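K.L.:
Residue numbers (full-length UniProt numbering): 1 to 325. Just so you know, even glycine gets a beta-carbon here, dropped at the ideal spot from N, CA and C. Keep in mind it's a predicted model, so treat the numbers as computed, not measured.
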Amino acid sequence: MENALFDLINLHNFSRLYHARVPVNCLEIDSIISELKDPNTQIALCNSTISSSADVKYPPRNDYRKRVLKAITEKLEATQTEICTELYEAVCASMAATDENANPTDISHRLFLFDGANPLVIGENVHQLSEGTTGLSAWQAAFTMAEWAAQNAKMFAGKNVLELGCGVGVTGLAVLRCCRPMSYTFTDGNDKVLDRLRANVSLNSADFEPGRLFIEKLDWSDFDPYRLPTKPDIVLGSDLCFEPSLFPALVSVLNYFIRRKKAECFIATTIRNEDTQGQFLHELGQLGLTISEEWKEESTSLGERMFPFIPSVQCECVIQQIRAV
Numbered sequence: 001m002e003n004a005l006f007d008l009i010n011l012h013n014f015s016r017l018y019h020a021r022v023p024v025n026c027l028e029i030d031s032i033i034s035e036l037k038d039p040n041t042q043i044a045l046c047n048s049t050i051s052s053s054a055d056v057k058y059p060p061r062n063d064y065r066k067r068v069l070k071a072i073t074e075k076l077e078a079t080q081t082e083i084c085t086e087l088y089e090a091v092c093a094s095m096a097a098t099d100e101n102a103n104p105t106d107i108s109h110r111l112f113l114f115d116g117a118n119p120l121v122i123g124e125n126v127h128q129l130s131e132g133t134t135g136l137s138a139w140q141a142a143f144t145m146a147e148w149a150a151q152n153a154k155m156f157a158g159k160n161v162l163e164l165g166c167g168v169g170v171t172g173l174a175v176l177r178c179c180r181p182m183s184y185t186f187t188d189g190n191d192k193v194l195d196r197l198r199a200n201v202s203l204n205s206a207d208f209e210p211g212r213l214f215i216e217k218l219d220w221s222d223f224d225p226y227r228l229p230t231k232p233d234i235v236l237g238s239d240l241c242f243e244p245s246l247f248p249a250l251v252s253v254l255n256y257f258i259r260r261k262k263a264e265c266f267i268a269t270t271i272r273n274e275d276t277q278g279q280f281l282h283e284l285g286q287l288g289l290t291i292s293e294e295w296k297e298e299s300t301s302l303g304e305r306m307f308p309f310i311p312s313v314q315c316e317c318v319i320q321q322i323r324a325v
């Protein structure tokens, strides 16, 4: 009985990581190979992943599905395990398909599974740079912020939250799902990004109370606070510190919320370049702001995370609270 429960947990974790589109080499396939010797377990695996209604409705890139199936079948063949009809047919269909006919748009989906509830669905462009912006894809800092917010849900409960540079909505949708804020205002300066965000909000709309979610275009260099629907108690931002030419406008906006509105401000930063980070800190100092507290990304296993994500390039990611000196 204990072994059967362990097997179910392994399969459930594999399904969660698969739907989150974690890289194939991080899917912990070895942990489920022994139970996949049972053809009924192979069928259960197909039904919870590649043949599930969620995967049909919100497909990954076909090459991702193809690599997952290839990795599983190669390991089964290495143990001389017979492959069930359902799994074999899925392999054949994947090999015959191209990305164009399997998923005719440039949108791929990540699904984050919650026990007894709808998944959180994030649609993003398969190309990290598209239509002149990187904002149509999801990035490491947004998932780090989402995970941190979920772990600190009480901090957000009943609060008005505003996000700068929201991108496709990973952080905000996670906060709305896990933290029960009074309201959440998504802001970004790019129209295409806001269109993608609206599509993601629509995919998850059944899980949000009406009147608590707002979407606004916000240009930091032409900041008009009177256009915002609420006075924020908390301001969030993820991966904002990548272009030094934007730092003066960004820091000016942060300064307004911190000093004029007494908001708490937290940003998630992926440290790709120490010089760039140093320039941001200098700009903060110019307006009498500083980083008062910092939380580093916890090294928990992927299976323990609510929002598992592995970036293509590993960099340190930190949550920083910004305050007036």
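Write down the C-beta distance between residue 326 and T290 rounded to the nearest angstrom, noting that I regard them as a contact closer than 8 Å.
P.N.:
In the structure as shown, the chain starts at 1 and stops at 325, and residue 326 therefore has no counterpart that could be examined.
K.L.:
Between the C-alpha atoms of L194 and D188, what's the straight-line distance to the nearest angstrom?
P.N.:
Approximately 7 Å between the Cα atoms of the pair.
K.L.:
List, from N- to C-terminal side, the beta strand (DSSP E) runs of 3 residues or more that fit wholly inside the stretch 205-262.
P.N.:
Listed in chain order, the complete beta strand (DSSP E) runs (minimum 3 residues) inside the stretch 205-262 are 213-217 and 234-238.
K.L.:
Please name the residue or residues paired with E124 in a DSSP beta bridge.
P.N.:
Note: E124 sits in a beta bridge opposite S108.
K.L.:
Below 8 Å on the Cβ atoms is my contact criterion, and I expect A141 with I122 to pass it. Report the Cβ-Cβ distance as a whole number of Å.
P.N.:
Not a contact, Cβ separation roughly 14 Å.
K.L.:
Could you give the residue range of the beta strand (DSSP E) that holds Q321?
P.N.:
Per DSSP, Q321 belongs to the beta strand (DSSP E) from E316 to A324.
K.L.:
For C315, is the classification buried or exposed, using 16 other Cβ atoms within 10 angstroms of its Cβ as the cut-off for buried?
P.N.:
When all chains shown are included, C315 counts as exposed.
K.L.:
Would you please state the rounded distance, in angstroms, between the beta carbons of V68 and L27? I believe it to be under 8 Å.
P.N.:
About 7 Å; that satisfies the 8 Å criterion.
K.L.:
May I ask you to report which of helix, strand or coil DSSP gives S183?
P.N.:
Strand at S183.
K.L.:
How is the alpha helix (DSSP H) around I32 delimited, first residue to last?
P.N.:
Note, I32: alpha helix (DSSP H), D30 to I33.
K.L.:
For the stretch 292-309 and the stretch 275-282, state whether three or more C-beta atom pairs, one from each stretch, are separated by less than 8 Å.
P.N.:
Flag = no, the stretch 292-309 and the stretch 275-282 do not touch.
K.L.:
Tell me the rounded alpha-carbon separation between F156 and L11.
P.N.:
Spanning the two alpha carbons is a distance of roughly 33 Å.
K.L.:
E293: beta carbon under 6 Å from a heavy atom of the ligand NAD?
P.N.:
You won't find the ligand NAD in this model; it holds no ligand whatsoever.
K.L.:
Would A263 and F257 qualify as a contact pair, given that the criterion is a beta-carbon distance under 7 Å?
P.N.:
Going by C-beta atoms, A263 is nearer than 7 Å to F257.
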